[in-house]
Amino acid sequence: LLGTNPICVAVPAGSEPPFVADLATTTAANGKLEILQRKNQEAPEGWIQDKEGNSSTNPHELKAGGALLPLGGDREHGSHKG
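Quick note: the sequence shown uses the working numbering, first residue 33, plus one each step.
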């Protein structure tokens with residue numbers, strides 16, 4: 033399962049280690065939700081929504097048809113930036 037538009041870039045740097053960036057464009061990466069599911073812990077407000085579009089802190093909503101919210105989706109998570 034991938035979140036919205038993951039971004040990955042790798043650039044060789046000669047004899048130095050390469051530059052590698054792996055970014056999620058959602059408020060949190062899917063892997064963080066999987067960890068919360070295994071630990072049976074709640075997600076922070078603003079990370080996910082249920083299949084009806086309501087905000088939720090239950091990480092199990094993701095596998096039940098919910099979705100990760102986009103980075104900067106609301107004022108608390110940077111919607112005013114950019």
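Yeah, the Cβ is synthetic: ideal placement off N, Cα and C, and Gly gets one too.
Terminal residues of the beta strand (DSSP E) in which residue i lies
| i | result |
| --- | --- |
| Glu48 | 48-55 |
| Ala42 | 39-45 |
Bounding residues of the alpha helix (DSSP H) (the contiguous stretch that carries residue i)
| i | result |
| --- | --- |
| Leu68 | 62-71 |
Nearest candidate by alpha-carbon position, reference residue i, set the options
| i | options | result |
| --- | --- | --- |
| Asn62 | Ala53, Phe51, Ala75, Glu84 | Ala75 |
| Asn37 | Val52, Ser47, Ala60 | Ala60 |
| Leu55 | Glu93, Asn90, His92, Ile39 | Ile39 |
| Val41 | Ser47, Ala53, His92 | Ala53 |
8 Å Cβ cutoff, residue i in contact with chain B
| i | result |
| --- | --- |
| Trp79 | In the structure shown, chain B does not exist; there is a single protein chain. |
Counterpart residues of residue i in DSSP-defined beta bridges
| i | result |
| --- | --- |
| Pro102 | Thr58 |
Give a yes or no on contact between the region 70-81 and the region 96-105, applying the rule of three or more CB pairs nearer than 8 Å.
-> yes
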